[in-house]
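When the letters of the sequence shown are read in order and numbered with our numbering, they come out as residues 995 to 1135.
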Amino acid sequence: MKLRHGTFSYLPDLTDEEIAAQVRYALQRGWPVSVEHTDDPHPRNVYWEMWGLPMFDLVEPDGVLAQINECRATFPNHYVRVLAYDASLGRQTTAMQFLVQSPAEEPGFLLTRIEGVDRTQQYAVTSYATSRPAGARYVSG
């Protein structure tokens, strides 16, 4: 199963040149960019671990690409994403986010249906990856 998350999620994986083009697009609009990673890709988990601080005042995407590559090398079995923030409305708003790395093996999610009173049904989504402890969720074996 391939996790579909953020902008461009139904396109093939972006190349480094395509990532640089998207980062350049964000920087041209004055959007600060940050890099984040996680081993818990639950759809409601919007708070991923930050890799460094958001990058302000950049003109070229080279600095962002260097941070992406460092994060990829440090966490080869994590999801890594790039976010761009737009503060033009007076508040910090995510303008764009997209994955730049996924683990080689993505175990998927368990959908549990819960029957309630008066035939109501509720659903819960659980990542199979969270059955392992943090840090060991995407390690083979």
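C-beta: ideal position from N, C-alpha, C; glycine also. Small disclaimer: the values here were computed from a predicted structure and weren't measured.
Whole-angstrom Cβ separation of residue i and residue j, contact assumed at under 8 Å?
i	j	result
R1085	G1000	With 8 Å as the limit, R1085 and G1000 do not qualify as a contact, their Cβ atoms being about 20 Å apart.
S1082	L997	Contact doesn't hold; Cβ gap of about 30 Å is too wide.
P1026	M1049	6 Å
G1102	Y1122	6 Å
V1017	P1055	4 Å
R1126	Q1115	That belief does not hold up - the Cβ atoms of R1126 and Q1115 are roughly 29 Å apart, past 8 Å.
Determine the contact status of residue i and residue j, defining contact as a CB-CB distance below 7 Å.
i	j	result
A1014	L1059	yes
L1021	L1052	yes
Along the chain, where does the beta strand (DSSP E) containing residue i start, and where does it finish?
i	result
E1099	Premise fails: E1099 is in no beta strand (DSSP E) and is neither H nor E.
L1093	1087-1095
P1048	1043-1049
V1076	1073-1080
Y1117	1115-1121
S1003	Taken as a continuous stretch (DSSP letters only), S1003 belongs to no beta strand (DSSP E), as it is neither H nor E.
V1053	From DSSP, V1053 is part of no beta strand (DSSP E); its letter is neither H nor E.
V1029	1027-1032
Using the rule of at least 16 other Cβ atoms within 10 Å of the residue's Cβ for burial, across every protein chain shown, is residue i buried or exposed?
i	result
A1078	buried
F1092	buried
P1037	exposed
I1062	buried
P1035	buried
Start and end of the alpha helix (DSSP H) containing residue i?
i	result
V1017	1010-1022
E1064	1056-1068
> Should the stretch 1028-1043 be regarded as contacting the stretch 1064-1083, the criterion being three or more beta carbon pairs within less than 8 Å?
Replying inline: Note that the stretch 1028-1043 touches the stretch 1064-1083; at least 3 beta-carbon pairs, one per stretch, sit closer than 8 Å.
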